[in-house]
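Numbering (my numbering), first residue to last: 4 to 201.
All residues carry an ideal CB built from backbone N, CA and C; glycine is no exception.
Quick caveat, the model's predicted, so the values are computed rather than measured.
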C-alpha cells in the first residue's frame, strides 16, 4: 500500500513538473469580419489618430503565459480625428494575432490607429483597420482634415521598471515551484527507500 502511494505521488509530481516547464501551445482563434466604412469607424471607435511609435513593451514570457497578454504601444500622436488625445498616448493590444492582437507595430514607424475601449485605456487589434501611414491613403482621404492633439503628456509608469519587475516575479515563481517539486520528490524517495529496507 505504501509503495503504491509513493509511486502515485511521484507520478503526479513528475506530470505536474512537465506541465509547468513545457511552453503552452497557442491555437488560432481569431477571425476578422469585413472592415466597416470610415463613417462607421468614426461612430464606433473611441479614438482615431495617426502617430509615430516611440516604444513597444511586451510582457515577459514566463512558463505560464497567454497569447492574450497585453502589449503596451506608446505613440507620439500627430493628427486626431476622434477622441481627446495628448501629444503621447498608450494603446494596448494582445500579444499575438491568435488572440486578435496587432503584431505589425514597429518602433519609429508611423501608423493610422483605430482604437476602442475606455478613453483612459485605449485598445486595438488585428481587425480594427490599423495600417502603416504609407499604405493608408484611402483612409486618410476619407477621414478628411483632422486636428492636433493637446500638449499634455499623460503620466506613465516607466516601461523599463515595469518590465524588470515582471521578469523578476516570473523568475521567482519558477524557482519556488521547481524547488518545491524537487524537495518533495527527494523526501518521498528517502522515505520509500527506508521503508523498503525494513
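Could you tell me the distance, in whole angstroms, from the CA atom of residue i to the CA atom of residue j?
i           : j           : result
residue 96  : residue 34  : 16 Å
residue 197 : residue 189 : 12 Å
residue 47  : residue 119 : 8 Å
residue 27  : residue 153 : Residue confidence is low: residue 27 scores 49 on pLDDT, short of 50, so the model does not pin down where it sits. Its coordinate-derived value is still stated next. So the alpha carbons of these two residues sit roughly 43 Å apart.
residue 51  : residue 148 : 12 Å
residue 104 : residue 126 : 10 Å
residue 45  : residue 139 : 16 Å
residue 115 : residue 185 : 51 Å
residue 61  : residue 194 : 45 Å
residue 107 : residue 192 : 51 Å
residue 145 : residue 85  : 14 Å
residue 68  : residue 78  : 26 Å
residue 36  : residue 42  : 17 Å
residue 76  : residue 109 : 9 Å
residue 40  : residue 121 : 22 Å
residue 183 : residue 64  : 22 Å
Can you tell me which of the options puts its alpha carbon nearest to the alpha carbon of residue i?
i           : options               : result
residue 80  : 105, 56 and 118       : 56
residue 150 : 83, 41 and 88         : 83
residue 91  : 63, 123, 182 and 194  : 123
residue 99  : 36, 130, 45 and 43    : 130
residue 117 : 68, 101 and 93        : 93
residue 54  : 144, 141, 113 and 182 : 113
residue 111 : 68, 146 and 58        : 58
residue 38  : 108, 142, 101 and 121 : 142
residue 49  : 63, 88, 107 and 40    : 88
residue 128 : 145, 43 and 101       : 101
Is residue i near the ligand HEM, in the sense that its beta carbon is under 6 Å from a heavy atom of that ligand?
i           : result
residue 103 : Ligands displayed in this structure: none; no statement on the ligand HEM is therefore possible.
Would you list the one or two residues that DSSP bridges to residue i?
i           : result
residue 85  : 51
residue 76  : 59 and 94
residue 125 : 94 and 120
residue 113 : 55
residue 134 : 115
residue 150 : 83
Task: Three CB pairs or more closer than 8 Å across the segment 67 to 80 and the segment 132 to 139 - done: Below 8 Å, too few C-beta pairs join the segment 67 to 80 and the segment 132 to 139 to call them touching: fewer than three.
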